[in-house]
Amino acid sequence: MLNKMNPWKKDQNPSGLRERVLQIKEHEVPSHIAIIMDGNGRWAKKRALPRVAGHHEGMKVVRKITRLANELGVNTLTVYAFSTENWKRPKMEVDFLMKLPEEFLGTFLPELIEENVRVEMIGYMDKLPEHTQKAVGKAMEETKDNTGLTLNFALNYGSRAEILDGVRQVLKDVKSGIMSENDLTEEAFSSYLMTKDFKDPDLLIRTSGEIRLSNFMLWQLAYTEFWFTDVLWPDFNEEHFVEAIEAFQGRQRRFGGV
Ligand code: FPP
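This is how it looks when you write it as structure tokens:
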């Protein structure tokens, strides 16, 4: 067993987190939680550190939240780790971000396997550097039969591009007769998206005080509950995650009904 911090030990559980977790489990736990992990750069700047130090700290938070999500019985946790627009950042930062999946999986894959977590990815994989593809591909392969939480990395993901690719494929399929125009329901179109194997998110969390979607899962978030916090991603912890789920459980979802 690797050396891990145990948030349930009494001195590490100052606000009754354990009790709140048990309470949450008594009610409907969101099946799919998506997170826009924002604020790494600002976290680093506040400490006079390079931006990449914020990304590195943010990577460790992914592990903490994955562990708790799995324990809560969440089915899918999608984390927005790199967008199709993030290539515009300085090369040094992009290179660093592209090495993070390797470092994360190099360190934590044995734990993820032990905890029955399945690793998945959405995004344009073939445009990632080979070393990133290799690390993610290996993790996906080694965890493909796991039945616990699915940890889904959105890597080089962009929702508008995804939707356009879906439309292009529909047009091709209609032209070749695989699909008829009348069969193009919302459900059928969802199966043309990268998220075809996942339920739409029930809860979206965005950190760092920004209130926007930044080209993330625009189709899939149609009926999702949103929860925003000013906390910067590297400072996000189990308590914040629990707070978001408690807020979710206090909401009434009507899906357009009354
Ligand atoms: C946005 O913060 C964050 C990102 C573009 C990268 C998010 C990546 C991680 C948290 C690490 C991912 C972990 C793994 C395991 C791959 P920002 O840099 O835009 O922050 P700012 O708005 O404060 O500048």
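Here this note's numbering runs 688 ahead of the position in the sequence shown, where the first position is 1.
Virtual Cβ for every residue (Gly too), placed ideally from N, Cα, C.
As the structure is a computational prediction, the values presented were derived from the model and not from experiment.
Is the beta carbon of residue j closer than 8 angstroms to that of residue i?
i: residue 757; j: residue 742; result: no
i: residue 754; j: residue 837; result: yes
i: residue 890; j: residue 913; result: yes
i: residue 840; j: residue 895; result: no
i: residue 746; j: residue 922; result: yes
i: residue 924; j: residue 724; result: no
i: residue 807; j: residue 762; result: no
i: residue 843; j: residue 811; result: yes
i: residue 920; j: residue 739; result: no
i: residue 712; j: residue 940; result: no
i: residue 911; j: residue 885; result: no
i: residue 915; j: residue 892; result: yes
i: residue 829; j: residue 797; result: no
i: residue 871; j: residue 897; result: no
According to DSSP, simplified to helix, strand and coil, what is residue i?
i: residue 771; result: strand
i: residue 904; result: coil
i: residue 931; result: helix
i: residue 936; result: helix
i: residue 744; result: helix
i: residue 962; result: The question about residue 962 has no answer, for the chain in this structure spans 689 to 946.
i: residue 737; result: coil
i: residue 765; result: strand
i: residue 730; result: helix
i: residue 757; result: helix
i: residue 926; result: helix
i: residue 941; result: coil
i: residue 898; result: coil
i: residue 750; result: helix
Is there at least one Cβ from chain C nearer than 8 angstroms to residue i's Cβ?
i: residue 747; result: Of the chains in the structure shown, none is chain C; there is only one protein chain.
I'd like the span of the beta strand (DSSP E) that includes residue i, first residue to last.
i: residue 807; result: 806-810
i: residue 913; result: 913-916
Could you pull the start and end residues of the alpha helix (DSSP H) that residue i belongs to?
i: residue 723; result: Here residue 723 belongs to no alpha helix (DSSP H); instead the beta strand (DSSP E) covers 720-724.
i: residue 786; result: 779-802
i: residue 710; result: 705-713
For residue i, verify whether its CB is less than 7 angstroms away from any heavy atom of ligand 3.
i: residue 769; result: Absent from the structure shown: ligand 3. Ligands present: ligand 1.
Does the segment 794-813 come within contact of the segment 920-934, defined as at least 3 CB pairs closer than 8 angstroms?
Under the Cβ criterion (8 angstroms, minimum of three pairs), the segment 794-813 does not count as touching the segment 920-934.
Tell me the start and end of each unbroken alpha helix (DSSP H) in the segment 815-896 that is at least 4 residues and wholly inside, in chain order.
Counting whole runs of 4 or more residues, the segment 815-896 contains the alpha helix (DSSP H) stretches 818-831, 847-863, 874-878.
Answer yes if the segment 839-859 comes into contact with the segment 767-782, meaning at least three C-beta pairs across the two stretches below 8 angstroms, and no otherwise.
Short answer: they touch.
If contact is defined by three or more beta carbon pairs under 8 angstroms, each pair taking one atom from either stretch, is the segment 874-881 in contact with the segment 851-865?
yes
Pairs of beta-carbons, one from the segment 778-797 and one from the segment 819-829, closer than 8 angstroms: are there three or more?
yes
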